[in-house]
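**Q** Protein chains in written order, with numbering that gives the first Met the number 0: chain A, 0 to 368; chain B, 0 to 368.
All C-beta atoms in this analysis are idealised placements derived from N, C-alpha and C, irrespective of residue type, glycine included.
Values in this document were obtained by computation on a predicted structure and should not be read as measured data.
There are 2 protein chains.
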Amino acid sequence: MSPLAPRRLVILTEGQWHVHNAKTAMGVIRFGTDRVVALLDSAIAGRNVAEWLPGHDIPAVATLAEALAGPERPDTLLIGIAPTGGKLPDAWRATILEGIRAGLNVHSGLHTFLGDDPEFAAAAHLAGVEIIDYRRPPQRSETAVGRRHRPGSRVILTVGTDCAIGKMSVALELRKSALAAGDAAVFVPTGQTGMMIEGWGVAVDRVISDFVQGTVEWMVEEGESRGDWLIVEGQGSLDHPAYSSVTLGLIHGSTPHAMVMVHKPGLAEHDFDHLPEASFPIARLPEFVALHETVAGLVAPSKVVGIALNTSLFADDAEARRIIDWTESETGLPAADPVRFGADGLWREIHRRVEALPWVRDNDAQRVE
Amino acid sequence: MSPLAPRRLVILTEGQWHVHNAKTAMGVIRFGTDRVVALLDSAIAGRNVAEWLPGHDIPAVATLAEALAGPERPDTLLIGIAPTGGKLPDAWRATILEGIRAGLNVHSGLHTFLGDDPEFAAAAHLAGVEIIDYRRPPQRSETAVGRRHRPGSRVILTVGTDCAIGKMSVALELRKSALAAGDAAVFVPTGQTGMMIEGWGVAVDRVISDFVQGTVEWMVEEGESRGDWLIVEGQGSLDHPAYSSVTLGLIHGSTPHAMVMVHKPGLAEHDFDHLPEASFPIARLPEFVALHETVAGLVAPSKVVGIALNTSLFADDAEARRIIDWTESETGLPAADPVRFGADGLWREIHRRVEALPWVRDNDAQRVE
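1) Leaving out five residues on either side along the sequence, give the residues of the same chain with a beta carbon under 7 Å from the beta carbon of Arg6/B.
2) Just checking: is the beta-carbon of His110/B within a distance shorter than 8 Å of some beta-carbon in chain A?
3) Exposed or buried, Glu118/A, counting other C-beta atoms within 10 Å across all chains shown (16 or more means buried)?
4) For a test of the three-state rule: what should DSSP assign to Lys22/B, helix, strand or coil?
5) My output table needs one value for Gly159/A: the three-state DSSP class, helix, strand or coil.
6) Compare the Cα-Cα distances from Pro150/B to each of Leu178/B, Ser176/B, Ala183/B and Glu223/B and report the closest residue.
7) Below 7 Å between beta carbons is the criterion; list the residues of the region 176-209 of chain A that meet it against any residue of chain B, in chain order.
8) Using CA atoms only, rank isn't needed, just tell me which of Ala299/B, Phe271/B, Leu297/B and Pro264/B is closest to Ala282/B.
9) Tell me, which residues are paired with Arg153/B by DSSP?
10) Of the residues Asp336/B, Leu52/B, Ala24/B and Ile57/B, which one's Cα is nearest the Cα of Phe313/B?
11) In angstroms, rounded to a whole number, what distance separates the CA positions of Glu329/B and Thr254/B?
12) Short check: CB of Ser208/B to CB of Ser236/A, under 8 Å?
13) Determine, for Ala267/B, whether the minimum Cβ-Cβ distance to residues of chain A falls below 8 Å.
14) Report the three-state DSSP secondary structure of Lys263/A (helix, strand or coil).
15) With a cut-off of 8 Å, does the C-beta of Glu276/A fall near any C-beta of chain B?
16) Per the contact definition of three or more C-beta pairs closer than 8 Å, is the region 195-213 of chain B in contact with the region 241-253 of chain B?
17) In terms of residues, what are the limits of the beta strand (DSSP E) holding Arg34/A?
18) Can you pull the chain A neighbours of Asp272/B, defined as C-beta to C-beta under 8 Å?
19) Looking at chain A, is there any beta carbon in it that lies within less than 8 Å of the beta carbon of Ala163/B?
20) Have a look at Leu52/B, Ala44/B and Asp56/B and flag the residue whose alpha-carbon is nearest the alpha-carbon of Ala64/B.
21) Could you say which of Asp343/A, Val158/A, Thr192/A and Ala184/A lies nearest to Met258/A if we only look at CA atoms?
22) So does the region 138-152 of chain A actually touch the region 268-277 of chain B, counting three or more Cβ pairs closer than 8 Å?
23) Following a CB-centred definition, is Leu173/A positioned closer than 7 Å to any heavy atom of the ligand COA?
24) Please tell me whether Leu11/A and Leu103/A are closer than 8 Å, where the distance is taken between their beta carbons.
25) According to the neighbour-count rule (16 or more other Cβ atoms, all chains shown, within 10 Å of its Cβ), is Gly54/A buried or exposed?
26) Kindly indicate which three-state DSSP category Asn362/B falls into: helix, strand or coil?
27) What are the residues that DSSP puts in a beta bridge with Ala184/A?
28) On the DSSP bridge assignment, give the partners of Asn104/A in chain order.
29) Below 8 Å on the Cβ atoms is my contact criterion, and I expect Leu229/B with Val215/B to pass it. Report the Cβ-Cβ distance as a whole number of Å.
30) Where do the N-terminal and C-terminal ends of the alpha helix (DSSP H) with Ile323/B fall, by residue?
31) Quick one: any contact between the region 104-118 of chain B and the region 38-52 of chain B, if contact means 3 or more CB pairs under 8 Å?
32) Mind checking the region 332-358 of chain B against chain A and listing, in chain order, the residues whose C-beta falls within less than 7 Å of any C-beta there?
33) Note down, in chain order, every chain A residue with its Cβ under 8 Å from the Cβ of Ser243/B.
34) Closer than 8 Å, CB to CB, is Thr23/B near chain A or not?
35) Just checking my contact of Asn362/B with Gly165/B at CB under 8 Å: how many whole Å lie between their CB atoms?
36) Quick one: does Leu113/A have its CB under 8 Å from some CB of chain B?
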């Protein structure tokens, strides 16, 4: 969980930039502090990331050689995808080897650890470069012990109605607004993209299931040593056929004082590698909010204090704002699209509501030994 | 997931037979088909397991030498505990080495893999014996794909209000009653003790969290190739501060048509290695039953069709029966203590109720390709 030195990245997304499983690349470009010198993706070679993410002037190139020959030489090749199951596409193997041999460090968030691959490891040793596997779990095997939060801390978890709809982005935007408001806010990364951005954390989906809650509890303890307002990155969704158990591990492991529900209007079904005949609809917000409070409350009381919408399926700003208003009246909670319109207003509401929670007061009143 | 040849076991529980974390030893003795020749536990040396488990004539001995010198020489040393976190007590190291050197195979369900310990591995190689780590996960990294159940199959999961209250025992008793009733029943082991008894399965708490639901889905598929009535061993509880995520992985991974709720009357709090100031009460049954149906229903419809009570805290049979009757009226569901009084009646009720579930009918009506 140590911080990282700034890097100059070339990000590999070969053929996958357009689709949602290039979310690692998207996240690192939008929220990271490293310089991104090129996107390696032959499907969009010659175009520029700014077309999709205005303000991010990053050329897309077809070959690693082009990236290496550019005006700024990269020092790190970052694997910019997080496919279902986290495996390395075979076609990328040659590119990774080429990068290692050209003296690039390799940073990966795949379940398959590149550093354990004999061919990659030997090449990295020879080239004197480093392979970092962000999903490698900590050498720690502890179950949760029922730790109470430090008095003065406020723990907020982002939850959601699906995976890959922006729980991490919302957490990062809320952190930004919190810092701007003078709150000592900390982002607690629980996935490989958040870790790549922030330089610490644990990819909880890679932890042995028996230790998920214990690991999250420990990450919150670490977060509480870094600041007062913890914004914990959520994963998956409580009704996701494949990932709900990781979601619940985050809820019961972080025992958040409050939750922010992330939702993507217009999305009808969970989208993952399921069988063609299967179909899993997205939940309705009011019931899903209530369910989260019930399920979290099985271990510690918690309340959903705001809705963060991802309105990206609606191009028209006015329509997006209508959806936000409608969501507020549907749920009785403050709503916003933090990525599209900023999170300052939503953060003010969240701050006020969290401070008013009786269990936050109770936690502050704990005797400190 | 291959079956095992019958063994002659000496079971190590050193000092822990009395306490609930010798549940592995208890389970293997009560439900296993292997011959148990001795219990190695100096705290109760000279006594007999039959004192605790009538009908199981197994002497407790203080040293491995005594077990080896007995009338039946064991061929396997089985580690009879499953402590929180699954680590090997240091004091047992010498005993295990002694066993290996005496030519015993070693079977363990600990999180710490004995076969990966260089000293144990070298000794085992020299002695020509085998070390089996039941918790070693399969070489398989697949997330759930939303598989539907085979037409004709009925999947029942045991869930519960706490861990270590008898979900496995209930599943095994139900299997026995189902077989006696002529139903092609299969026990699906999801923990190391169940695996030691049954000879196949996966310890799901050792699986990488991202793959828990995919692994359980795959185990159910395997179970459906072995019979029609699957009784899946549950783990933990949905409100357990440390283990709830594994529980939810079993619920959403097995998508059970029905659930049997296991409950231990008289137990006030979850008992695990938590901090002294923490306290986690056991849930009330009616609300907890409803919550399970809601949470399971997020992925596939399911119903709690019976309550299996562990009345072991009540010595008097008449009182136990009063509690069972009271539970039936409290929940409106059939209840029994399967271990104490048998499960035949409860199974008849479960069978009838499962057959009447509309989603069981729907599943049977699927076209088979």
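**A** Straight from the coordinates:
1) Asp33, Asp74 and Thr75
2) yes
3) So Glu118/A ends up on the exposed side.
4) DSSP places Lys22/B in helix when its eight states are reduced to three.
5) strand
6) Glu223/B
7) Listed in sequence order: Val203, Asp204, Arg205, Val206, Ile207, Ser208 and Asp209.
8) Pro264/B
9) Trp228/B
10) Of Asp336/B, Leu52/B, Ala24/B and Ile57/B, the residue nearest in Cα terms is Asp336/B.
11) 26 Å
12) Not a contact, by the Cβ cut-off of 8 Å.
13) Not an interface residue.
14) coil
15) yes
16) yes
17) Arg34 to Leu39
18) Thr142 and Val144
19) Judged by the 8 Å Cβ criterion, Ala163/B is not in contact with chain A.
20) Ala44/B
21) Met258/A has its Cα closest to that of Val158/A, out of Asp343/A, Val158/A, Thr192/A and Ala184/A.
22) yes
23) Ligands in the displayed structure: none, and consequently the ligand COA is not present.
24) no
25) exposed
26) helix
27) Trp228/A
28) Thr75/A
29) With 8 Å as the limit, Leu229/B and Val215/B do not qualify as a contact, their Cβ atoms being about 11 Å apart.
30) Asp316 to Thr330
31) no
32) none
33) Gln212, Leu247, Gly248, His251, Leu297 and Val298, listed in chain order.
34) For Thr23/B, no CB of chain A lies under 8 Å from its own CB, so it is not counted at the interface with that chain.
35) The C-beta separation of Asn362/B from Gly165/B comes to about 29 Å, leaving the pair out of contact by the 8 Å criterion.
36) no
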